Structure formats: C-alpha cells, structure tokens
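Participant:
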Amino acid sequence: MKGSRLHVTRICVLVGMFNFVLITTILLIFKDTMKLNNLVVHPPWIVQYLDPSLGMLDSSGRYVAHVHSVVGSNWKKLSKRALSLATHASLEHLHWVAAIVADWPGPVSIALFVPDKEYHLATTYIAYLQTCYPNVQQQVSFHFLYPVDRPAQLFSEDDLKDVALECSISPKKVLEQLLTHRPLDLLTSWREQLLYPQNILRNIARKTSPTTFMMCVDIDMIMTSAAMNEELEVFLSRNSTGGVRCAYVVPVYEIHSNFTLPPRNKKDLLNLVAEKNARPFHIKVFAKNQGISNLNRWEKLAVRNEVRVAYNVTKFKYWYEPIYIADKSAPLFDERFIGYGNTRNTQSYEMFLNQWTFCVLDNVFLVHWGFQQLSQHPAWRTEQINKNNKLLADFFREMAVRYDADPFHFIKKFKKKSPQVSVVYNPSKKKKLI
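See below:
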C-alpha cells in the first residue's frame, strides 16, 4: 500500500512538472509570437534593386518612374468601385498612409519620391505598414519616382540590421525612428537642394488609378467617415458624368491640432467651425485657394445625410485650387512646374478653358490636421514659387493657343520679360494678384 502511494506521488510530480514545462513553453512561444507580430518581416521583393532600365522616363527626361511596384492584394476587386484616391508623398510624410485607409474603403494610388537610399527606407516602411495595417496591404498600390542622377539605392545588410519597427508604436514614431538611418551626407548636401516634382507624382498617381473617378488629394488630407465615404460612392455610382465635364468639388477644412478625434459628419464639422476649432483649408495662408467654392454658403446649407451637388461655381477666378472628383478626361497637371508654386491652379485654369464646370458637393469633406500659418513656410518655398512664377508667361501663351481663349488677358499682362507676379505666401507684400 505504501509503495502504491509512493508510485502515485511520483506520477503526480511528473504530471505537475510536465504541465509546468508545457505551460512555460506555450508562454514562451506566445511571447515570441507577439514579438514577431510587433516586428516587420521583410518580404524578399520589398527591397529589390530598382533597375532604371526597367523604368520609364518622364517627358523632361529628368526622372525615372516605376509604376505598380507594390500592389494591393485587393486591387483588382477594388477597381470595380466608382472612386479611388490618388496622392503623392516624400519619405517624411509616409506616416499619413495609415490614416488615409482607416476609413477609406476604396483603392489608393500613391506615387512616392524616393531618391537614392530613401528608396530602401521607404520600402522598409511600406513593409511595416503592410504588416501592421492590413488595409494598406489590401488597398494601396505604390509607385516610385527618382531623379536620373539619383537612382534608387539599397543599404547594406549591416546598415539596417538593428531596425525594429513595432506595430505597437504609432506610424509617425516608427517613421521618425527609421529616418535616423538616413546618411548624414543625404541630409546636409544634395538632398536639401532637390526639388519635389509634385505634378509629375500627381500625374503618375492619377494615371494608375483603376476606377472611373479619381480624387487627387495631398497625403495629409483625410476622408474621416466610413459612412460618408459610402454615401459618396452611392452618389458617384448614380451620377456618371456621361460626357458632361463636371468636376465635383470636395471642401477641405483645417482642424485644430488640439483635437484628436476627427469630425464624422457635416454636423460635427460645423460644431467645430462654430467653436473656431475648424476653418477652411489655407484660409489664413492663401484664401483664394478655395475662395470661389463659397464655403460660407456651404456651411449654411441644411444638414442632410446624402451626398449631393449643392451648387455650381459660376464665376471662375484664377488661383482657384479645389480638391475635386473627376473622370480621367480631366487635363493632367502641368509638369513644367517643379517644387512649389502654380502646381494646382494652372491645372484648374486649364479645366476652366476646357469647359469644365466645378460642382460643389454637400455633406462630404476632407480634413487637414493643424491650422496652417504663413510662419510655417520656409524661405526656400517662397524662392521656388518665384521661380515657377517666371514660367507663367509661356504657360498662358500655350493655353491661349491650345484653347483659342485668353479670358483674363494674360498674354497682354505677361508681355514683359519679367512679369510682375506677387508671391502669395509673403504677407509683407500686398501687391494685387492676377
């Protein structure tokens, strides 16, 4: 009997030890799994060398593009929707991608400017986004652009061996961590002088959008409500332009940076406006940006659930830079304007000459975090605007010939070799704008 009890005791001890080892092993596996889930696993294709001979040159011959280098897994299915977003970015602003797809259900076409080793950092960050944010992996296609003389480059394996990009950290913090790996010479020499070819990028994103309609937004302009987005999809599905040149204007509002929760509908937005925590985008920087959209009128309209055309812009004015939804027959952005200045307004002016009507939509909007101030714009931005202003004379002459129209008499105003065009971002100069 005594021996039997001893035998049972030994069995219990062994079972207890087995259970302890089993539970410990499971916990260790779970811990390692959680650790893996918080780290980027680099797919082998994500850091492949980009061969310039496999890319395509832009019209100037100064840039090489590689389209659909990274394609969303649901891209084909999503192409059946009515609307896609087309946007562009440099490496420093890639953290906005996660916010773009948070409530947006459709395809997103993003053209990235990735000179030199910024390509490797960008693709590493894309791997992080796809791992931690499934919507990015499913909905977003990325395209790459770089200067001919600064082709995409890869780091050595040792340069990035200590990079650990965790899903538990915010996209902005992860990107800030990754940016510390940029070579010092990249930050202090040639990179500072490199112009950002935003119109080339916009056109790439537009051309690669798979749907009937596209909306070309800046990377930090966000559609904040899934319900609002679906109402917009319903509206567009029912309102094919049928050859009518109608650009559906979407109002853009700045939201005070103190607010972390975005307005989900027009009622929420109007409450923020009343509290002076929201205002039309660029109202303090460049009011002509959305001026003729007449957002004072828009704010006074009765709040409804459905998206509809509220009214049309009846008197076009130069410098108008609306965010709009249109089909692909809309004129492309003029790629001669590199950097800042005259990138959007020249395109909307050509749309006006091409007999497009700007139709302001109600009950849908975009938000931009933070109030924009003139003091935020660096001196180099003003310099780029001045350089692009000097290209306007040729632009206006070409438009007059192409459309047999010069409604604002720009050719006469630009007869002199040095046209007098005020810098719109300089508050100390109050010259009359065109």
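For what it's worth, the numbering used here labels the leading residue of the sequence shown as 379, then goes sequentially. Yeah, the Cβ is synthetic: ideal placement off N, Cα and C, and Gly gets one too. Bear in mind that the values here come from a model prediction, so they are computed numbers and not experimental data.
Please say whether V612 and F743 have beta carbons closer to each other than 9 Å?
Facilitator: no
Participant: Expressed to the nearest angstrom, what Euclidean distance is found between the alpha-carbon atoms of L472 and N513?
Facilitator: The straight-line gap separating the alpha-carbon atoms of L472 and N513 is approximately 15 Å.
Participant: Looking at the secondary structure, which residues open and close the beta strand (DSSP E) in which F520 lies?
Facilitator: 518-525
Participant: Considering Cα atoms alone, identify which of R682, L614, F659, N617 is closest to F749.
Facilitator: F659
Participant: Give the DSSP-derived three-state secondary structure of A480 in the structure shown.
Facilitator: In the structure shown, A480 sits in a helix (DSSP, three-state: H, G or I).
Participant: Bridge partners of N690, per DSSP?
Facilitator: C737
Participant: From which residue to which residue does the beta strand (DSSP E) around C510 run?
Facilitator: For C510, there is no enclosing beta strand (DSSP E); the residue is found in the alpha helix (DSSP H) stretching over 496-510.
Participant: Count Cβ pairs between the segment 457-465 and the segment 485-495 that sit closer than 8 Å; are there 3 or more?
Facilitator: yes
Participant: Assign A477 to one of two classes, buried (16 or more other C-beta atoms within 10 Å of its C-beta) or exposed (fewer than that).
Facilitator: buried
Participant: Going by alpha carbons, who is nearest to M606 out of S438, Y718, V685?
Facilitator: Minimum Cα distance to M606 is reached at V685.
Participant: Apart from the five residues on each side of it in sequence, which residues of its chain come closer than 6 Å, Cβ to Cβ, to C510?
Facilitator: C545
Participant: So within the segment 609-645, which uninterrupted alpha helix (DSSP H) runs reach at least 4 residues, ignoring any that extend past its ends?
Facilitator: none
Participant: Return helix, strand or coil for H444, following the three-state DSSP convention.
Facilitator: strand
Participant: So which of V691, D596, Q516, R580 has the shortest CA-CA distance to S451?
Facilitator: Of the listed residues, the one whose Cα sits closest to S451 is Q516.
Participant: My output table needs one value for W747: the three-state DSSP class, helix, strand or coil.
Facilitator: The three-state secondary structure of W747, taken from DSSP, is strand.
Participant: Express the C-alpha separation of L614 and V492 in angstroms, rounding to a whole number.
Facilitator: Spanning the two alpha carbons is a distance of roughly 34 Å.
Participant: Can you give me the C-alpha to C-alpha distance between R616 and T638, rounded to a whole angstrom?
Facilitator: C-alpha of R616 to C-alpha of T638: approximately 34 Å in a straight line.
Participant: Nearest to N732 by CA position, among V738, W747, I716, L710, is which residue?
Facilitator: L710
Participant: What's the call for W758, buried or exposed, on a 16-neighbour Cβ count within 10 Å?
Facilitator: exposed
Participant: Check whether chain C comes within 9 Å of Q754, counting only Cβ atoms and requiring the distance to be less than that.
Facilitator: Protein chain content of the structure displayed is limited to a single chain, and chain C is not contained in it.
Participant: Would you list the one or two residues that DSSP bridges to P756?
Facilitator: In the DSSP secondary-structure assignment, P756 is not bridged to any residue.
Participant: Report the rounded CA-to-CA distance for M777 versus N723, giving the unit in angstroms.
Facilitator: Cα to Cα, the separation comes out at about 13 Å.
Participant: Could you tell me which of T692, M593, E699 sits nearest to A665, measuring between CA atoms?
Facilitator: Nearest of T692, M593, E699 to A665, Cα basis: E699.
Participant: Would you kindly check if the distance between the Cβ of V595 and the Cβ of L739 is under 9 Å?
Facilitator: In this structure, L739 lies away from V595, with their beta-carbon atoms at least 9 Å apart.
Participant: Return the chain-ordered ranges of every beta strand (DSSP E) run that is complete within the segment 578-605 and spans a minimum of 3 residues.
Facilitator: 591-594
Participant: Going along the chain, which residues of its own chain have a beta-carbon closer than 6 Å to the beta-carbon of T735, five neighbours each way excluded?
Facilitator: C624, N690
Participant: Exposed or buried, L435, counting other C-beta atoms within 10 Å across all chains shown (16 or more means buried)?
Facilitator: exposed
Participant: Pick from T721, A704, N655, D712: whose alpha carbon is nearest that of N667?
Facilitator: T721
Participant: I need the DSSP call for S726, collapsed to helix, strand or coil.
Facilitator: When DSSP states are grouped into helix, strand and coil, S726 belongs to the helix group.
Participant: Let's test the definition: count the other Cβ atoms within 10 Å of the Cβ of T602 and tell me whether it reaches 16, buried, or not, exposed.
Facilitator: Counting C-beta atoms within 10 angstroms of its own C-beta, T602 has 16 or more neighbours from the protein chains shown and is therefore classed as buried.
Participant: Near I633, which residues of its chain fall below 8 Å by C-beta distance, leaving aside the five closest residues on each side in sequence?
Facilitator: P640, P641, L650, N655, A656, V745, H746, W747, G748
Participant: How would you label G717, buried or exposed, when you count the other beta carbons within 10 angstroms and need 16 or more for buried?
Facilitator: buried
Participant: Which residues share a DSSP beta bridge with P561?
Facilitator: Answer is none; P561 lacks a bridge partner.
Participant: Taking the alpha-carbon of E496 as reference, which of S618, L562, K454 has the nearest alpha-carbon?
Facilitator: L562
Participant: Which one of R528, K678, S468, V663 has the shortest CA to CA distance from Y574?
Facilitator: S468
Participant: Nearest to W474 by alpha carbon, out of P430, I600, D536?
Facilitator: I600
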